[in-house]
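What follows is a single structure, written as structure tokens, with notes after it.
Numbering (the working numbering), first residue to last: 29 to 83.
Right, here's the structure in full:
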């Protein structure tokens with residue numbers, strides 16, 4: 029599933045292809061850093077779901 033990753037403390041957005049599922053609290057590695065999913069926004073006005081990450 030394609031989604032838009034938003035990294036809170038870095039104000040960075042990344043278009044990303046995730047596996048079959050993702051949940052709040054899951055750990056997510058990107059570029060050698062470990063992030064935690066803090067929120068998932070499903071909005072019909074957005075092309076992809078937005079997954080908020082924090083370190």
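Every residue, glycine too, gets a C-beta built ideally from N, C-alpha and C. Bear in mind that the values here come from a model prediction, so they are computed numbers and not experimental data.
Give a yes or no on whether the C-beta atoms belonging to residue i and residue j are separated by under 8 Å.
i          : j          : result
residue 33 : residue 81 : yes
residue 57 : residue 68 : no
residue 42 : residue 63 : no
Contact check, residue i vs residue j under 8 Å by CB: the rounded distance?
i          : j          : result
residue 31 : residue 79 : 5 Å
residue 83 : residue 37 : 6 Å
The beta strand (DSSP E) spanning residue i covers which residue range?
i          : result
residue 81 : 78-82
- Task: Return the chain-ordered ranges of every alpha helix (DSSP H) run that is complete within the region 35-66 and spans a minimum of 4 residues.
- Result: Qualifying alpha helix (DSSP H) stretches: none in this window.
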